[in-house]
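Asks: I have a structure here, written as structure tokens, and I will follow up with some questions on it.
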Amino acid sequence: MPYAGGGAAAWYPWASHVGPVAELVAIRLPARESRLAEPAATDLLTLSRDLATAIAPHTGEPYALGGHSMGALLAFEVARELRRRRSPPPVALIASGARAPDCPRTEPDLHHLPDDDFIREVDQRYQGIPPALLANREFLDLFLPALRGDLTAFETYRHHTEPPLDFPLLSLLGDRDPRVSPDQAQAWRTHTTSDFMSATFPAGHFFLPQQIAAVTGKIREFLVRAVA
């Protein structure tokens with residue numbers, strides 16, 4: 056599941072790396088790509104319920120859930136929503152570039168800022184907006200609703216305590232990530248009663264494209280162990 060502002064296309068390069076252990080299915084959220092005309096989602100729990108509805112019919116075969124940054128929280132809440140519905144659980148959860156759901160946020164919210172301030176502050180904080188997009192205001196304006204909606208969902212999310220999950224969980228982190236500390240990444244350990252694994256890579260917050268071979272290698276290893 057995508058990071059804030061991300062689309063399904065960001066995951067396409069992964070398809071050839073995760074096989075033959077798994078088949079990659081990328082989630083496309085509203086307000087981007089082929090769903091550009093749809094209004095952005097602004098509530099993470101509502102979005103998790105919508106995704107659980109879409110995923111539930113496909114849970115008859117072994118599957119895993121995962122995401123990066125905001126997408127990790129979203130995958131976590133989808134897993135909890137599927138549990139409430141008594142759907143078959145995933146074999147594993149992969150949380151990448153994200154603090155555990157109960158770790159408090161300390162940064163000021165950005166989602167309410169005017170467009171120009173919002174763009175500047177998001178780029179300074181996350182350094183994830185491509186320079187080519189920043190240089191093209193027309194395309195940037197098309198991208199803004201998805202990014203603002205996602206940041207609204209992320210920044211207004213509040214964790215509610217429930218029993219831990221009961222399947223393996225993998226936490227991935229860039230060792231130079233300014234947004235997530237090692238302790239916050241390790242705190243995912245308390246959210247499962249099953250096996251917990253973690254891995255750190257030499258990069259910042261958006262480490263996935265730079266470390267795709269190493270990351271997918273760790274994921275393949277983890278999934279093989281999860282289904283053994």
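Everything in the sequence shown is counted per this note's numbering, starting at 56 for the first residue and increasing by one.
Every residue, glycine too, gets a C-beta built ideally from N, C-alpha and C.
These numbers come from a predicted model, not from an experiment.
I'd like the ranges of any alpha helix (DSSP H) spanning at least 4 consecutive residues and lying wholly in the region 220 to 249.
Replies: You should have 237 to 241.
Asks: Which of helix, strand or coil does DSSP assign to Leu91?
Replies: In the structure shown, Leu91 sits in coil (DSSP, three-state: anything other than H, G, I, E or B).
Asks: To the nearest angstrom, how far is it from the Cα of Gly60 to the Cα of Asp221?
Replies: Cα-Cα distance, rounded: 30 Å.
Asks: DSSP three-state label for Leu168, please.
Replies: In the structure shown, Leu168 sits in coil (DSSP, three-state: anything other than H, G, I, E or B).
Asks: Using three-state DSSP, classify Gly152 as helix, strand or coil.
Replies: Of the three classes helix, strand and coil, the one that applies to Gly152 here is coil, per DSSP.
Asks: Between the alpha carbons of Ala107 and Ala281, how many angstroms are there, rounded?
Replies: Roughly 21 Å separates the two Cα atoms.
Asks: Out of Ala187, Ala269, Leu224, Phe256, point me to the one whose CA is closest to Val235's CA.
Replies: Closest option to Val235, Cα to Cα, is Phe256.
Asks: Once DSSP output is grouped into helix, strand and coil, what is the label at Ala64?
Replies: In this structure, Ala64 counts as helix in the three-state DSSP scheme.
Asks: Within the same chain, show all residues whose beta-carbon is closer than 7 Å to that of Gln266, passing over the 5 residues directly before and after it, in chain order.
Replies: Cβ neighbours of Gln266 beyond the five flanking positions: Phe256, Ala258.
Asks: Could you work out which residue in Ala86, Gly272, Leu79 is closest to Pro94 when comparing CA atoms only?
Replies: Considering only alpha carbons, the answer is Ala86.
Asks: Would Ala240 and Ser253 be called neighbours here (beta carbons separated by less than 8 Å)?
Replies: Going by C-beta atoms, Ala240 is nearer than 8 Å to Ser253.
Asks: For the beta strand (DSSP E) that Thr119 lies in, which residues bound it at each end?
Replies: Strictly speaking, residue 119 in this sequence is Ala, with Thr absent from that position. Taken as a continuous stretch (DSSP letters only), the beta strand (DSSP E) holding Ala119 covers 119 to 123.
Asks: For Thr97, which residues from the same chain have a beta carbon less than 6 Å from its beta carbon, with the 5 sequence-adjacent residues on both sides left out?
Replies: Excluding positions up to five away in sequence, the list reads Gly204, Thr207, Ala208.
Asks: Would a check of beta-carbon distances place Asp164 closer than 8 Å to chain D?
Replies: This model lacks chain D altogether, as it is built from one protein chain only.
Asks: Between Leu84 and Arg192, what straight-line distance do the alpha-carbon atoms span, to the nearest angstrom?
Replies: Whole-angstrom Cα-Cα distance: 22 Å.
Asks: What does the alpha-carbon distance come out to for the pair Glu217 and Phe131?
Replies: Approximately 12 Å, taken between the alpha carbons.
Asks: In three-state terms, what does DSSP make of Thr255?
Replies: Strand at Thr255.
Asks: Phe262 lies in the alpha helix (DSSP H); which residues open and close that run?
Replies: Note, Phe262: premise wrong, no alpha helix (DSSP H); not H, not E.
Asks: Along the chain, where does the alpha helix (DSSP H) that runs through Val270 open and close?
Replies: First-last of the alpha helix (DSSP H) with Val270: 267 to 282.
Asks: Is it true that the region 56 to 73 meets the region 267 to 276, where meeting means three or more beta-carbon pairs spaced less than 8 Å apart?
Replies: The answer is yes - the region 267 to 276 touches the region 56 to 73, with three or more Cβ pairs under 8 Å.
Asks: If we count the other Cβ atoms within 10 Å of its Cβ and call it buried at 16 or more, is Tyr67 buried or exposed?
Replies: Answer is exposed; the Cβ neighbour count stays below 16.
Asks: If we ignore side chains and look at the alpha-carbon of each, how far apart do Glu176 and Pro163 end up?
Replies: For Glu176 and Pro163, the distance between alpha carbons rounds to 10 Å.
Asks: Just the C-alpha distance for Ala283 and Val146, rounded to the nearest angstrom, thanks.
Replies: Going by the C-alpha atoms only, they are around 10 Å apart.
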